[in-house]
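Counting from -11, one number per residue, gives the positions in the sequence shown under this note's numbering. By construction, the Cβ of each residue, glycine as well, lies at the ideal position given by its N, Cα and C atoms. A short worksheet on the structure shown next.
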Amino acid sequence: MKPYSKTGPFHRIRIVREQQNVTIRTVSRRSGVPMRDLREQEKPSTDVPMSVLLCWRDALDVPLSELLIEPDMRLSQSIAHRAKLVRMMKTILTLCEHGGDQRTQRLTTMLHEQMLELMPELTEVTGWPSFGSRRPQDELGRIGQQPISLDGLNSDALTD
């Protein structure tokens, strides 16, 4: 059998990833695939094998059919609803982190618990990042990966 020769689009990986509010960095961490390769796979004109689509399915936690091109090109109702719930949970968690008065804290805690009743898998969601993207506790930042030597600094200048 000859390979399919259409020039694309072949899939909806980028569209679904953006709908799910998942970054390339997060997909890379979940899948173990370098971000450069993921960006290439995301291009609608890239003809990716089924095994790659299955990896994306697992990383985005969506049905495989959502990653494939459909005639109407719409995101299914359940996936769109899930994406909205995830965004709401991120906002709720950010409100919880920033505190506020006691009444506001009680309301955000109650809202958080109600969201978990609706969708238990939201326990893995984190709040919106305050500065840049969030990093796990065990992952080093750029300064940890590329330390700067302080040997060349004059110690007298530091004490003045």
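- Boundaries of the alpha helix (DSSP H) harbouring Met103: 90 to 106, taken from the DSSP string.
- By the CB criterion at 9 Å, Met77 and Val113 fall inside the cutoff.
- Counted as a single uninterrupted DSSP element, the alpha helix (DSSP H) harbouring Glu6 occupies residues 1 to 7.
- Leu56 is bridged by DSSP to His(-1).
- For the pair of segments examined, the region 46 to 57 was found to touch the region 14 to 32: the number of CB pairs separated by less than 8 Å reaches three.
- Pairing Leu73 with Leu106 gives a Cβ-Cβ distance under 9 Å.
- Rounded to the nearest whole angstrom, the C-alpha separation of Thr111 and Glu6 is 20 Å.
- Assigned with DSSP and collapsed to three states, Gln133 falls in helix.
- Non-local C-beta neighbours of Leu104 in its own chain, meaning closer than 7 Å and more than five positions away in sequence, comprise Leu110, Thr111, ordered along the chain.
- Linking Pro108 to His100 through their CA atoms gives a straight-line distance of about 11 Å.
- Here Asp25 carries a helix assignment [DSSP, helix/strand/coil].
- Between Ile1 and Leu41, the C-beta gap is smaller than 9 Å, which places the two residues in contact.
- Looking at the backbone, the Cα of Thr79 and that of Val10 are separated by about 15 Å.
- The beta carbon of Trp116 is closer than 6 Å to those of Lys78, Thr82 in its chain, skipping five residues each way along the sequence.
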